[in-house]
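Q: Heads up: the sequence shown at position 54 corresponds to 54 in this note's numbering, and the numbers run straight through without jumps. Here a beta-carbon is modelled for each residue, glycine too, at the ideal position from N, C-alpha and C. Keep in mind it's a predicted model, so treat the numbers as computed, not measured.
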Amino acid sequence: MGVGIPGAIGIKLANPDKTVFAFTGDGGSMYTIQALWTAAHHNIDAKFVICNNHSYQILKLNILHYWGEQQIPEHDYPSSFNLCNPSIDFAELAKSLGVQAIRVETPDQIAPAIQKALDHNGPFLIDLVLTNEIVGTKIGVKCGQ
Numbered sequence: 001m002g003v004g005i006p007g008a009i010g011i012k013l014a015n016p017d018k019t020v021f022a023f024t025g026d027g028g029s030m031y032t033i034q035a036l037w038t039a040a041h042h043n044i045d046a047k048f049v050i051c052n053n054h055s056y057q058i059l060k061l062n063i064l065h066y067w068g069e070q071q072i073p074e075h076d077y078p079s080s081f082n083l084c085n086p087s088i089d090f091a092e093l094a095k096s097l098g099v100q101a102i103r104v105e106t107p108d109q110i111a112p113a114i115q116k117a118l119d120h121n122g123p124f125l126i127d128l129v130l131t132n133e134i135v136g137t138k139i140g141v142k143c144g145q
C-alpha cells in the first residue's frame, strides 16, 4: 500500500512524453501523501486519482476472507479500518501541498474533472469520493454511524 503517488511520479519522470494517471486508495495514499509536495515542487506533470471510500477497504476485504476461512461470523470491522471522523478532503490536502485538485462527489462530475486534469500543465489530483460499503456482506456500518 502507498506506492500509487510516488510510483506515478517515477513513471512520469521515466516517460516524460506520456500522460500518466495514477489510481490509489485513500488509505494507501496516507502512507506517501507527502509525495504530492515533491510533484508540485518539481512540477512533475503526473495526474493522481485518490479513490476515497473513507476506509482501508483492502483490509476489510482481507479480514472478510480470513473470517470466512476460519469460520468466524462476520462482525464489525476494527475501527482503525475507517478513515472518517474527521473526514479527509484530499483535494484540499493536495492544494495545501501545492497540487491543483478537484473533489468529485457525483458521476456527472467525473468527465469534467478528467478533462481539467488533462488540460492542466503540472500535477493534478482528483479526489474521487466513493461508497465505503462492502457489497455482499451483512456488515452495513458506514462512516458517521
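Looking at Ile44: is its Cβ nearer than 8 Å to the Cβ of Thr24?
A: As a working note, residue 44 is residue 44 in the sequence shown. As a working note, residue 24 is residue 24 in the sequence shown. Not closer than 8 Å, so no.
Q: In whole angstroms, give me the CA-to-CA distance for Gln71 and Asp119.
A: Walking along the sequence shown from the start, residue 71 turns up at place 71. Walking along the sequence shown from the start, residue 119 turns up at place 119. Each residue's alpha carbon lies about 51 Å from the other.
Q: Would the beta-carbon of Ile9 fall within 8 Å of that of Ala46?
A: If you number the sequence shown from 1, residue 9 lands on position 9. If you number the sequence shown from 1, residue 46 lands on position 46. For Ile9 and Ala46, yes; Cβs fall inside 8 Å.
Q: Hey, could you find the ends of the beta strand (DSSP E) Phe81 is sitting in?
A: Here residue 81 corresponds to residue number 81 of the sequence shown, with the count starting at 1. Per DSSP, Phe81 belongs to no beta strand (DSSP E) and is neither H nor E.
Q: Count the other CB atoms, across all protein chains shown, that sit within 10 Å of the CB of Gln202; report buried if there are 16 or more and exposed otherwise.
A: Any answer about residue 202 is impossible in this case: the structure gives the chain only from 1 up to 145.
Q: Note down, one range per segment and in chain order, each alpha helix (DSSP H) of at least 4 residues found wholly within the stretch 25-56.
A: The stretch 25-56 contains these whole alpha helix (DSSP H) runs: 26-32, 35-41.
Q: Residue range of the alpha helix (DSSP H) that Leu97 falls in?
A: Taking the sequence shown and counting its residues from 1, one reaches residue 97 at position 97. First-last for Leu97: undefined, no H or E at that position.
Q: If you follow the alpha helix (DSSP H) that Leu13 is part of, which residue opens it and which one closes it?
A: On the sequence shown, residue 13 is found 13 positions in, with the first residue counted as 1. Per DSSP, Leu13 belongs to the alpha helix (DSSP H) from 4-14.
Q: Here's a check: name, in chain order, each residue in its chain whose Cβ is nearer than 6 Å to the Cβ of Phe124, leaving out the five neighbours to either side.
A: Position 124 of the sequence shown, counted from the start, is the residue given in the question as residue 124. For Phe124, where only same-chain residues beyond five positions count, the Cβ hits under 6 Å are Lys47, Gln100, Ala117.
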